[in-house]
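Data block below; observations after.
Residue numbers (the working numbering): 552 to 661.
Okay, structure coming up:
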């Protein structure tokens, strides 16, 4: 018997955002902490740093998990949605994009 997983190999369940920033690593950590605090309060997500360098923040909650990765000049966010959240993926993606653009000072876009 073969099981078909329509999401296998698909990015349908994943939202990815990458932004350059002028904050440096220490400033990006502060921004990530503020983002984590907001996520914890508004969406009831558990957040914790994966490593001692505090460059990868992991989060999880009901039907969602992911990571926020930092470098000296880049922030990368990956959000993986459970099946129950797939119908509202586009709404969630738009909210995430707007949130990141409002909260993270980014270089001017061309």
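Each residue gets a CB set at the ideal place from its N, CA and C atoms; glycine is no exception.
> Helix, strand or coil for residue 597 per DSSP?
Replying inline: strand
>> Taking only three categories from DSSP, how would you classify residue 629?
In response: strand
> Terminal residues of the continuous beta strand (DSSP E) containing residue 568?
Replying inline: Residues 565 to 571.
> Within the chosen definition, does the stretch 633 to 646 reach the stretch 580 to 591 through at least 3 CB pairs nearer than 8 Å?
Replying inline: no
> Does DSSP put residue 574 in a helix, a strand or coil?
Replying inline: coil
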